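Student: As given, the protein sequences belong to chains V and B, one line each in that order.
For the first sequence, our numbering assigns the number 1 to the initial residue and increments by one for each residue that follows.
For the second sequence, our numbering assigns the number 1001 to the initial residue and increments by one for each residue that follows.
Please find one structure pasted underneath; my questions will follow.
Number of protein chains: 2
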Amino acid sequence: MTKGEDTKLIVLEAGLDMASQLGLECVTIGNLAKATNLSKSGLFAHFQSKENLQIEILNHAAQLFSEGVIVPALKTKAGIPRIRALVDNWIQWTSELTGGCIFVSASTDFSDRPGRVRDVLLHQQNQWIDCLRRIAQSAVQAGDFRKDIDFDQFAFDLYSLLLGFHLYYNLLDDAEIKKRQETALVRLLNSYK
Amino acid sequence: MTKGEDTKLIVLEAGLDMASQLGLECVTIGNLAKATNLSKSGLFAHFQSKENLQIEILNHAAQLFSEGVIVPALKTKAGIPRIRALVDNWIQWTSELTGGCIFVSASTDFSDRPGRVRDVLLHQQNQWIDCLRRIAQSAVQAGDFRKDIDFDQFAFDLYSLLLGFHLYYNLLDDAEIKKRQETALVRLLNSYK
DNA sequence: GACAAGAACGAACGATCGTACTATTTTGTG
DNA sequence: CACAAAATAGTACGATCGTTCGTTCTTGTC
C-alpha cells in the first residue's frame, strides 16, 4: 500500500464517520481536512470533486458492510441461523457508526437528488435487498421456510424491521428496543415457517 | 390573517417542500427566498434565525400532519378500521410531499445534531408513537385486538412497516410496494387479533 | 545520492452561507 | 388623507463552500 492509498483510507474512514453523523451531503471538504490534519487542497487532490468523495465514501462503506455484515452471515448455516446472523451483524454495524447506518441516511437524503451519488446508492440498496431475497431462498432450501413464500415480501418485511430499529435506536434511544426488535423478528420468522 | 402571517405561511409551505426534498439542514435562506420571490433579508426577518425557521417548518408540518393524518383517522370507527385509515392517511401524506415524509428524513438527519431542532423533532416523534399506542388501545377496547397485547410493540411494528414503505416508495419506487405493504399490514393486524 | 513521480501545501477564486444593519415601501387605522 | 406600524428590500459583513493553480516537500528507484 503506497502512501497515497494509505492517507486516502484514513480520509474515507473519517468521511464515513462524518457522513454517518451529519449526512453524506454535509460532509465538507474543509471539515474533513481538519479532521484528518490535511490541507483542503491536499485532501481534494485525492478525489478531484466532492461528488467523487461522496461516491468513494459510499463504496468504502459498502466494502466494510460486505466484510462485516454479509460475508460472516454467509458463513453461517443456511436458514434461520443465517438470517439471525445477518440481523445481528447489521445491528452491530449500525451501532458501530456514530450516527447510524450511512445507507439508511443517504437513502432518505438522496431520494430526490438525481446524480451519480444517487445512482451508486440505488445500486447498493438493490444489492442489499437482493441479499435479503437470496437469504430467504436459502432458508427455503434449508427447510426452515415454506416453499411458497414470496422472497421480495420477505426482503421488505425484514428491511422494514431493521429500519424501525434504526430510527428507535438512533433518535429515541429506547432502552427496550432490542427486545421489541427480537419479538418482531420471531413473529416474522414464524410467519414464514 | 395579516399580511405578515400570510407570507410566512407561503414561506413555510415552500420550506416544507424544500425540506422534504433536500433535508431540513439543506433548506437555505437564499434558496427559499428565491422560491418565494422574497429578498433574503425580508424572509429572514420573519424568523430571526435559521434554527427558528427549521423549527417553524417542523411545527407547520406537524399541524398539517395532525389535520391530514391523525384527526381524520380518529373520526373513523375505533379498531382495525381506524388503524387502516391512519395507514392510508400516512401514505397519502408521504406521497403528497415531493421528497417523502419530513419527519422521517429529519429523524435520520438530526439524530446526531443536538439542539433545539432535534428537541422539537424528538417531541414530535414521541407524540406520533404515542398516537400509535393509543390507537392500539382503542382497538383492544373495540374488541378487534386481544387484551394482552403490548402497545409499544404494536407502535414499533406499525411504524417499522411505514418506514419500509417510505424507503421503497421514495428511493426504489417499487411498483409492487403497495401490495407488499398491504400483505405485511394484514399479517401484522392478524397477529394482534 | 541523484532524480523523476507522487503527495501535500498555500493562496486565491467566485459563490453562497447565515446574519446584521439601515432604508424604503406597504399596510391598516384614526 | 395622514401617519405610525408592519413588512420588505438593499447592502454589507465575515465565514465557509467547492475548486484551481503553482509550489514545495516526500517517496521510492536506479
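Just so it is clear, CB atoms sit at the ideal spot from N, CA and C, and this is done for glycine as well.
Model, not experiment: these values are computed from the prediction.
Check whether the Cβ atoms of Thr36/V and Ile57/V lie closer than 8 Å to each other.
Tutor: no
Student: Counting only the same chain and skipping the five closest in sequence on each side, list residues whose C-beta sits under 7 Å from that of Leu32/V.
Tutor: If we look at Leu32/V and ignore the five residues flanking it on each side, its Cβ neighbours are Val11, Ala14, Gly15, Met18 and Leu43.
Student: Considering only C-alpha positions, which residue in the set Leu1161/B, Trp1093/B and Ala1078/B is nearest to Glu1067/B?
Tutor: Trp1093/B
Student: Using a Cβ-Cβ cutoff of less than 7 Å, which residues in the same chain neighbour Gly23/V once the five nearest sequence positions on both sides are dropped?
Tutor: Ser105 and Asp109
Student: List, in chain order, every chain B residue whose beta-carbon is nearer than 8 Å to that of Arg116/V.
Tutor: Near Arg116/V there are no residues of chain B at all, since even the closest Cβ is about 15 Å away, more than 8 Å.
Student: Could one say the Cβ of Asn59/V lies closer than 8 Å to chain B's Cβ atoms, at least one of them?
Tutor: Cβ-Cβ to chain B under 8 Å: no for Asn59/V.
Student: Relative to the C-alpha of Gln120/V, which candidate in Leu53/V, Gln21/V and Leu97/V has its C-alpha closest?
Tutor: The sequence shown places Val at residue 120/V, not Gln. The candidate whose alpha carbon is nearest that of Val120/V is Leu53/V.
Student: Using the three-state DSSP reduction, which class does Ser1066/B fall into: helix, strand or coil?
Tutor: helix
Student: Using a Cβ-Cβ cut-off of 8 Å, state whether Thr98/V counts as contacting chain B.
Tutor: yes
Student: Could you check what DSSP says for Glu1176/B in three-state terms: helix, strand or coil?
Tutor: coil
Student: When the Cα atoms are used, what is the spatial distance from Arg84/V to Gly99/V?
Tutor: If I take the Cα positions, the gap works out to 23 Å.
Student: So if I threshold CB-CB distances at 9 Å, which residues from the stretch 4-25 of chain V count as touching chain B?
Tutor: Ser20, Gln21, Leu22, Gly23 and Glu25
Student: Cβ atoms of Ala1139/B and Gly1079/B: under 8 Å apart, would you say?
Tutor: yes
Student: Does Phe1065/B come within less than 8 Å of chain V when only Cβ atoms are used?
Tutor: No, its Cβ sits nowhere closer than 8 Å to a Cβ of chain V.
Student: Nearest CA to the CA of Ser1107/B: which residue from Arg82/V, Gly164/V and Arg187/V?
Tutor: Gly164/V
Student: Take Ser1111/B as the anchor and find which of Gln124/V, Gly115/V, Arg116/V and Leu97/V has the nearest alpha-carbon.
Tutor: Comparing alpha carbon positions, the residue from Gln124/V, Gly115/V, Arg116/V and Leu97/V closest to Ser1111/B is Leu97/V.
Student: Can you give me the C-alpha to C-alpha distance between Ile179/V and Met1001/B, rounded to a whole angstrom?
Tutor: Per the sequence presented here, residue 179/V reads as Lys, with Ile not at that position. Answer to the nearest angstrom: the Cα atoms are 49 Å apart.
Student: Starting from the beta carbon of Asp144/V, find every residue of chain B whose beta carbon is closer than 8 Å, and list them in chain order.
Tutor: Within 8 Å Cβ-Cβ: nothing; Asp144/V doesn't reach chain B, min ~18 Å.
Student: Ordered along the chain, which non-local residues of its own chain (more than five positions away) have a Cβ less than 7 Å from that of Glu25/V?
Tutor: Asp109
Student: Is the shortest distance between the beta-carbon of Asn1031/B and the beta-carbons of chain V less than 8 Å?
Tutor: It does not: the Cβ of Asn1031/B has no partner Cβ on chain V nearer than 8 Å.
Student: Residues in the same chain with beta-carbon distance under 7 Å from Gln181/V, minus the five sequence neighbours each way, listed in chain order, please.
Tutor: Leu161 and Phe165
Student: Taking Cβ to Cβ, would you say Leu122/V is nearer than 8 Å to Leu158/V?
Tutor: No, the pair does not count as a contact, with Cβ atoms beyond the cut-off.
Student: Could you work out which residues of chain B lie near Ala184/V, taking near to mean beta carbons separated by less than 8 Å?
Tutor: Gln1153, Phe1156, Asp1157 and Ser1160
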